[in-house]
Ligand code: HEM
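In our numbering, the protein residues as written are 13 to 446.
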């Protein structure tokens, strides 16, 4: 047998030893087999990853894969890693780590080679603190609350457009245009560029994944080059005509010289633009699918819109739009009674952690009144989502309005498909009739 075939056999044995049915997991699907344990890449796993997370949590909650990564599915372990300053996010910035930890050299697909060293998600303090402080000001609860009326207007406009048609694809007709319009207006990106942005953000989304196929890698390269040029041009134009938007604010910081360099400015614009809409789009899509599959919860939210706040937290928990994240140990340490060597990569299965029964009783039940609900859909610790308040505002407005406008809304297909991205979990399309 070849090394790769050996590896597959070991992996299959390991899966069986933790009571996972190989046929459920599609482990021999070419090119993605190595991710089967912790990747929802196989269509069946993507559609329903929860039994795998439950099995792992019960039988092997700190799971070391044969490829060196470690997958965490317990709430307590995940939160302790995310809050522990001895864990770093910078592993994605080092090519040798990308290759070594993610076995791309053995099997072909590897995480994106694209330089992420100026993206705040992959930078540790103190540089992280400087970048985050600049952006954070635009997303405080007080600033975000001022957007309420505008978000309501956009939601109403989108629903007006759909009304009378009797059907729509919730993703392209509602879940995408809402957050992209909001974030473009905040950043100062021209409205007419939104359609192009959708094409490029779809292509660049796998950049966050632990492995990518060659085809996805080509898409990432193309989109990243395009976006670099796009930002260079827009920054040049805006520099001559500074306004009251986040882009102008960041350009002012760059002009002051010491606060932001050009590469950081471009990366920050990209991050805010992409993080500001891909994730919220997935919250609306995944969340509506969960409601449609739980009609009593859907009807409850329609009848009692004052539940929007707790409902959105529950939808974030139930099918988390960011499915995993990772940290590496910057020194030898211990997690949940297990020794970690320096450099050990810990992958946190955010989606699985949010179904841990020790923290969320009856975790597979959708309960829009769940309280307490301390999910980690927005992460925890230093990298806690900057845009959490904005995402919450948009979703708290979007769900009740959508359900009230279309009380008879129902799924138009049996099983909507999830996109192929691993880190960002969201639906390809969500056809509904009303
Ligand atoms: C439902 C919607 C959203 C979800 C589920 C989400 C989730 C997350 C998560 C899990 C992280 C941290 C990842 C980690 O710890 O490794 C994060 C970071 C971030 N998010 Fe969000 N996000 C959402 C919406 C937004 C929005 C609307 C913005 C708008 C700008 C945004 C901007 C950011 C930024 C800039 C970071 C980096 C923070 C840092 O590294 O310090 N996100 N988000």
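Even for Gly, the Cβ is constructed at its ideal location relative to N, Cα and C.
On a predicted model such as this, the values are computed, not experimentally measured, just so you know.
query: Distance, residue 234 Cα to residue 139 Cα; result: 28 angstroms
query: Proximity to residue 403 [Cα-Cα], best of 187, 375, 274, 341; result: 187
query: heavy atom of the ligand HEM below 8 angstroms from residue 222 C-beta; result: no
query: Proximity test, residue 362 beta-carbon vs the ligand HEM heavy atom, cut-off 8 angstroms; result: yes
query: Continuous beta strand (DSSP E) stretch holding residue 75: start and end; result: 74 to 76
query: Cutoff 6 angstroms; reference residue 342; Cβ partners in own chain excluding five residues on either side; result: 98, 100
query: Contact belief for residue 12 with residue 334 at Cβ below 8 angstroms, rounded distance in angstroms; result: With the chain represented from 13 up to 446, any question about residue 12 goes unanswered, as that position is not in the structure.
query: Nearest neighbour of residue 258, chosen from 155, 183, 357 [CA to CA]; result: 155
query: Residue 216 beta carbon near the ligand HEM (any heavy atom closer than 8 angstroms); result: no
query: Residue 347: first and last residue of the uninterrupted beta strand (DSSP E) it sits in; result: 345 to 347
query: Contact with chain B by residue 409, beta-carbon distance below 9 angstroms; result: Going by chain labels, chain B is absent from the structure shown, which holds only one protein chain.
query: Those runs of the alpha helix (DSSP H) which lie wholly inside the stretch 371 to 424 and span at least 4 residues; result: 400 to 417
query: Which residues DSSP lists as bridging residue 360, in chain order; result: 84, 337
query: Burial state of residue 215, where buried means 16 or more other Cβ atoms lie within 10 Å; result: buried
query: Secondary structure of residue 221, DSSP reduced to three states; result: coil
query: DSSP bridge partner residues for residue 179 (one or two, in chain order); result: 445
query: CA nearest to the CA of residue 276, picked from 141, 389, 374; result: 141
query: Beta bridge counterpart(s) of residue 430 as assigned by DSSP; result: 439
query: Helix, strand or coil at residue 261 according to DSSP, with G and I counted as helix; result: helix
query: Any non-hydrogen atom of the ligand HEM within 8 angstroms of residue 129 CB; result: no
query: Sequence-distant residues of the same chain with beta carbon closer than 6 angstroms to residue 304, five excluded per side; result: 423
query: Cβ neighbours of residue 302 in the same chain (closer than 7 angstroms, five flanking residues each side left out); result: 327, 330, 331, 378
query: Reduced DSSP secondary structure (H/G/I, E/B, other) of residue 91; result: helix
query: Beta bridge counterpart(s) of residue 351 as assigned by DSSP; result: 346
query: Proximal residues to residue 443 (C-beta, below 6 angstroms), its chain only, five neighbours per side dropped; result: 181, 424, 425
query: Start-to-end residues for the alpha helix (DSSP H) that takes in residue 239; result: 226 to 251
query: Limits of the unbroken alpha helix (DSSP H) element including residue 209; result: 206 to 216
query: Three-way DSSP call (helix, strand, coil) for residue 184 in this model; result: helix
query: Neighbour-count burial assignment, residue 289, 16 or more Cβ in a 10 Å radius; result: buried
query: CA-to-CA distance, residue 412 to residue 350, given in whole angstroms; result: 45 angstroms
query: Residues that residue 100 bridges to, as DSSP identifies them; result: 340
query: Backbone secondary structure at residue 168 - three-state DSSP; result: helix
query: Best match in 446, 148, 210, 429 for proximity to residue 439 [C-alpha to C-alpha]; result: 429
query: Counted within 10 angstroms of its Cβ, other Cβ atoms place residue 279 as buried (16 or more) or exposed; result: buried
query: Three-state secondary structure assigned by DSSP to residue 6; result: Only positions 13 to 446 of the chain appear in this structure, which leaves residue 6 out of reach.
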